[in-house]
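Have a look at the structure below, then the notes.
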Amino acid sequence: MQKRSIVPILYILFLMLPIYWLVAMSFKTTNEILSGFSLFPQTFTLDAYRTIFTDPTWYWGYINSILYVSINTVISVAVALPAAYAFSRYRFLGDKQLFFWLLTNRMAPAAVFALPFFQLYSAVGIFDTHLAVALAHCLFNIPLAVWILEGFMGGVPKELDETAYVDGYSFPRFFVTIFIPSIKAGVGVAAFFAFMFSWVELLLAKTLTAVAAKPIAATMTKTASSAGYELGLLAAAGTLTIIPGAIVIYFVRNYIAKGFAMGRV
Amino acid sequence: MKTENQKAWFFVLPVLLLVAFNALIPMMTVVNYSVQETFGDNVFFWQGLDWFEQILRSERFHASLGRQFMFTFLILIIEVPLGIAIALSMPRSGFWVPVCLVLMALPMLIPWNVVGAMWNIFALPDIGLLGYFLNHVLGIHYDMTQDPIAAWVTIITMDVWHWTSLVVLLSYAGLVSIPDAYYQAAKIDGASNWSVFRFIQLPKMKTVLTIAILLRFMDSFNIYTEPFVLTGGGPGNSTTLLSIDLVKIALGQFDLGPAAAMSLIYFAITLLVSWLFYTLMTKDDLN
Amino acid sequence: MAKITLSNLRHSYLPNPSSDDDYALKEIDLDWNDGGAYALLGPSGCGKSTLLNIISGLLVPSEGQILFDGANVTDLPPDQRNIAQVFQFPVIYDTMSVYDNLAFPLRNRGRDESVVNERVMAIAEMLELTEMLDQKAAGLSPDNKQKISMGRGLVREDVNVVMFDEPLTVIDPHLKWKLRSKLKELHQRVKATMIYVTHDQTEALTFADQVVVMQEGEVVQIGTPVELFDRPAHTFVGHFIGSPGMNVLTCEVTDGTAMFEGHAVTLEGPITGNAHAASTGRTEIGIRPEFVSIGKTGLPATVTKVSDVGRHVVVECHIGEHRINAITEGAAPAKGDAVHLEFAPDQTRLYIDGWVATEPTPALQATEKEG
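Protein chains in written order, with UniProt numbering: chain A, 1 to 265; chain B, 1 to 287; chain C, 1 to 371.
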């Protein structure tokens with residue numbers, strides 16, 4: 001057992017190295033970065049972070065990202081819940097085909113959809129809004145949420161539904177007060193994955209926004225090209241994008257392994 | 001079992017509408033472009049299947065597709081066995097398990113362009129940790145902006161860094177669901193470690209591994225942002241994967257027709273290969 | 001095949017056990033004779049699974065030794081002990097056929113394929129699995145899967161002991177008795193030592209020649225099903241076996257006489273042990289409902305409940321605070337009736353701190369020796 005644990009330790013070390021480098025660089029001065037190699041920041045500086053927290057184009061990037069990711073998570077889970085219930089409890093015309101079709105949407109390369117999405121959302125008149133990105137991300141997050149939730153719901157015995165009806169519960173009341181609490185873990189895991197995939201996606205988010213809803217990731221690419229090569233600033237901005245994910249994952253740490261495992265193939 | 005109930009469609013309706021809005025309308029736009037030619041100003045000419053023919057015959061498409069398959073193949077044969085091996089060597093319970101899982105999941109939660117940027121500064125020849133170490137400590141000449149092999153090694157390593165944890169998490173979930181009795185029975189039956197893996201762990205991990213391989217296939221086949229930020233498709237075209245090429249044609253050259261035709265071919269290939277994977281991996285269950 | 005001896009066995013799951021309560025098993029000394037059919041009976045958490053895992057080698061005991069035919073195997077791993085174990089939930093190798101499942105333990109030991117074939121066919125025939133040999137094991141019903149688990153245990157002809165850990169838990173009720181009688185039949189055919197762990201007295205009493213009753217990490221009695229019923233050595237055995245269980249009534253002992261609610265109760269024989277124990281310990285009278293009769297004389301009681309369970313009627317009475325069950329086959333009194341209860345003297349025993357403390361009546365002693 002002791003000998004074997006060297007494998008995960010080495011692996012985690014490998015995972016942490018690039019992250020360390022990013023964080024270390026964010027505390028270095030531009031001079032130090034460009035002048036040569038140093039393992040630790042020689043002159044420790046918070047300049048990069050100061051810039052980000054005082055410049056609205058920077059910090060609004062974060063707020064925009066968090067806004068559309070949150071909207072997307074809520075929409076994805078909210079609409080996926082009844083749908084997953086239908087797939088897990090009922091047989092209906094075309095159910096299997098529908099389920100498969102939903103999953104195929106995860107296979108569509110985002111690059112394929114970038115331009116048509118731009119035109120569609122411009123035509124509807126919500127281009128450059130948080131809602132646009134949130135809705136666009138539904139394309140791959142809803143199928144995933146349905147898939148995960150369906151797996152968790154399958155583990156809840158059907159007798160629970162029947163008992164509730166016998167006890168005189170109406171469907172909406174049963175669904176909200178009994179059923180959803182019994183798959184809390186599943187809702188958490190689905191929300192986590194929705195958050196994750198919406199947070200990390202950039203191509204669509206960048207395509208669908210210009211100024212008002214521009215995500216942090218897009219701000220970063222602009223900086224990289226326009227303001228020369230400000231590596232320290234870029235590293236600080238990158239470091240800050242890791243934090244929301246880390247916070248979210250902490251909450252679901254005990255369920256994360258179960259997430260996909262419960263889904264059906 | 002499940003009851004027949006057509007009203008269940010009402011439960012599915014919101015999902016259906018949202019996904020259809022996002023999937024069908026853009027898809028129709030793409031189909032529309034793919035059979036027309038435009039010189040701008042919203043003037044279109046009927047082109048039939050010419051674009052498809054042109055794409056399917058083009059050397060450039062073949063090369064990108066080849067690189068794409070190469071990339072996906074390489075990351076699958078590295079990430080899947082590596083992920084399984086790491087999951088196998090994890091303790092089954094204890095204080096460290098959630099800590100390990102959180103640390104392992106961290107790379108997956110970093111925005112994709114940040115992953116690319118991070119590996120870019122990690123690999124810079126003289127001032128990046130990896131680049132400095134290889135060039136100045138080990139004395140291996142390494143510069144991914146010049147050397148296609150170095151660029152390939154870097155994007156593969158990056159993807160392994162980014163996504164192996166997904167395989168680990170899924171395999172681990174499969175492993176901890178195996179009851180102790182299986183291991184005990186195997187001990188009593190005199191099974192070797194290899195037999196335990198081959199006849200207990202692997203079959204019990206099959207479902208989650210199928211999911212892992214499918215997801216890794218789809219996502220790696222569609223990969224765009226990370227290699228684009230890391231190498232920009234270069235040096236030359238050496239790391240121009242399918243998505244990168246597609247975006248170059250569509251947005252860079254504004255050749256909407258060929259780009260649309262290429263998108264559809266691309267999507268069809270993804271679907272076909274996913275379906276093949278799925279059928280092959282679940283074949284045994286049907287018998 | 002071997003005689004299994006457990007000597008001074010103690011086990012604790014804690015790293016530094018201090019008091020007796022820290023031990024899952026407290027001081028076990030036990031012999032399992034070669035070829036016997038044993039049941040290990042006790043409620044959940046009494047330590048029976050721990051004991052089983054120690055015998056099979058999945059657990060190493062904190063103290064004490066396990067001997068197979070006098071040879072110390074305490075530190076040997078399971079595969080070198082030549083034992084077999086069938087678990088609560090059927091363990092099968094999903095991807096293998098039924099044949100390969102049965103052949104697995106032999107092939108792992110490098111046996112000749114011809115020997116493997118011969119053994120597998122013989123076992124499959126015994127377990128009525130012959131027709132399924134080519135099928136994938138994964139698709140079978142739970143009872144067939146459990147049969148495969150048993151088959152893998154029996155396929156090695158030299159096993160020292162086959163252990164069953166509540167093997168019928170997941171089996172449909174109507175198939176339980178079938179599998180149980182199959183097991184009994186198998187024991188007679190293969191003559192291997194078998195240990196059957198269960199919390200179900202019916203399963204234990206129908207399967208075993210000898211039943212070992214455990215409670216809180218201790219063996220409280222070993223005996224044939226008849227012995228356990230006739231003369232429980234501990235109030236726990238009396239209570240656990242029988243339906244309803246033995247009546248256990250708090251009493252006082254004065255001058256060698258048991259006094260219950262102010263009445264002298266005739267016991268099967270003189271009280272053993274020293275008078276000191278009788279005066280300081282917890283003293284109880286134990287009598288099975290089968291030997292309490294409702295008559296004109298005896299202890300006055302009130303009927304509080306009458307339940308007809310089919311073959312006979314269980315009459316629940318109260319004397320003061322004490323509840324006493326009586327079983328009667330004749331006309332039963334009605335609820336609320338005042339009745340008199342008589343205890344059959346040769347079946348009435350005194351228990352001190354839970355353990356029997358009266359000498360058996362000579363007649364019973366004689367039959368015990370014959371048996």
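Ideal Cβ positions, reconstructed from N, Cα and C, are used throughout, including at glycine.
Within 10 angstroms of its Cβ, does residue i collect 16 or more other Cβ (buried), or is it exposed?
{"i": "C:Glu284", "result": "buried"}
{"i": "A:Phe92", "result": "buried"}
{"i": "C:Gly256", "result": "exposed"}
{"i": "B:Ser243", "result": "buried"}
{"i": "C:Val60", "result": "exposed"}
{"i": "A:Val166", "result": "exposed"}
{"i": "B:Leu49", "result": "exposed"}
{"i": "C:Gln221", "result": "buried"}
{"i": "A:Ile247", "result": "exposed"}
Determine the DSSP secondary structure at residue i, reduced to helix, strand or coil.
{"i": "A:Ile33", "result": "helix"}
{"i": "C:Thr250", "result": "strand"}
{"i": "C:Pro244", "result": "coil"}
{"i": "B:Leu56", "result": "helix"}
{"i": "C:Glu166", "result": "coil"}
{"i": "B:Thr3", "result": "strand"}
{"i": "B:Pro235", "result": "coil"}
{"i": "C:Lys305", "result": "strand"}
{"i": "residue 407 of chain C", "result": "Nothing about residue 407 of chain C can be read from this structure; chain C reaches only from 1 to 371."}
{"i": "B:Ser93", "result": "coil"}
{"i": "A:Ser65", "result": "helix"}
{"i": "C:Cys46", "result": "coil"}
{"i": "B:Tyr132", "result": "helix"}
{"i": "A:Thr57", "result": "helix"}
{"i": "C:Thr224", "result": "coil"}
{"i": "C:Leu140", "result": "coil"}
{"i": "A:Arg50", "result": "helix"}
{"i": "C:Arg10", "result": "strand"}
Can you check whether the CB of residue j is closer than 7 angstroms to the CB of residue i?
{"i": "C:Leu154", "j": "C:Ile195", "result": "no"}
{"i": "A:Asn31", "j": "A:Lys214", "result": "no"}
{"i": "B:Val30", "j": "B:Ser274", "result": "no"}
{"i": "C:Val303", "j": "C:Val339", "result": "yes"}
{"i": "A:Ala217", "j": "B:Pro227", "result": "no"}
{"i": "C:Val306", "j": "C:Ile327", "result": "no"}
{"i": "B:Val167", "j": "B:Arg92", "result": "no"}
Identify, in the order they occur along the chain, each residue of the same chain with its Cβ nearer than 6 angstroms to the Cβ of residue i, setting aside the five sequence neighbours on each side.
{"i": "residue 326 of chain B", "result": "This structure does not reach residue 326 of chain B, given that chain B is present from 1 up to 287, and the question cannot be answered."}
{"i": "C:His187", "result": "Ala37, Met194"}
{"i": "C:Phe87", "result": "Asp165"}
{"i": "B:Met118", "result": "none"}
Skipping 5 residues on each side, what residues in its chain have a beta carbon closer than 8 angstroms to that of residue i?
{"i": "C:Pro90", "result": "Pro142, Lys145, Gln146, Ile148, Ser149, Val170"}
{"i": "A:Lys96", "result": "none"}
Could you list which residues in chain E have their beta carbon closer than 7 angstroms to that of residue i, in chain order?
{"i": "B:Phe199", "result": "Among the chains of the structure shown, chain E does not appear; the protein chains present are A, B and C."}
What does a CB cutoff of less than 7 angstroms around residue i pick up in its chain, not counting 5 residues either side in sequence?
{"i": "B:Leu214", "result": "Ser274, Phe277, Tyr278"}
{"i": "C:Lys48", "result": "Leu40, Gly42, Val197, Met214"}
{"i": "A:Met25", "result": "Ile33, Leu231, Gly232, Ala235"}
{"i": "B:Gln54", "result": "Pro258"}
Give a single yes or no on whether residue i has its beta carbon closer than 6 angstroms to a heavy atom of the ligand MG.
{"i": "C:Asp143", "result": "In terms of ligand content, the structure shown is empty, and the ligand MG therefore cannot be addressed."}
Any 3 or more C-beta pairs closer than 8 angstroms across the stretch 155–175 of chain C and the stretch 87–102 of chain C: yes
Meets three-Cβ-pair contact criterion under 8 angstroms: the stretch 7–26 of chain B and the stretch 135–147 of chain A: yes
Touch test, the stretch 62–70 of chain B against the stretch 5–25 of chain C, Cβ-Cβ under 8 angstroms, three pairs minimum: no
Cβ contact (3+ pairs, closer than 8 angstroms) linking the stretch 345–357 of chain C and the stretch 227–240 of chain C: yes
Segment contact, 8 angstroms Cβ cut-off, at least three pairs: the stretch 104–112 of chain A with the stretch 27–45 of chain A: no
Validate contact between the stretch 181–190 of chain B and the stretch 67–74 of chain A using beta carbons, cut 8 angstroms, 3 pairs: no
The stretch 145–161 of chain B / the stretch 47–65 of chain A touching (three or more Cβ pairs under 8 angstroms): no
Three-pair Cβ contact test at 8 angstroms for the stretch 166–176 of chain B versus the stretch 87–101 of chain B: yes
Sufficient close CB pairs (3 or more, under 8 angstroms) joining the stretch 98–107 of chain A to the stretch 141–151 of chain A: yes
Cβ contact check for the stretch 180–188 of chain A and the stretch 72–87 of chain B: 3 or more pairs under 8 angstroms: no
Given 8 angstroms, three or more beta-carbon pairs between the stretch 204–221 of chain C and the stretch 24–38 of chain C: yes
Three or more C-beta pairs below 8 angstroms linking the stretch 291–307 of chain C and the stretch 327–339 of chain C: yes
Touch test, the stretch 186–195 of chain A against the stretch 145–161 of chain A, Cβ-Cβ under 8 angstroms, three pairs minimum: yes
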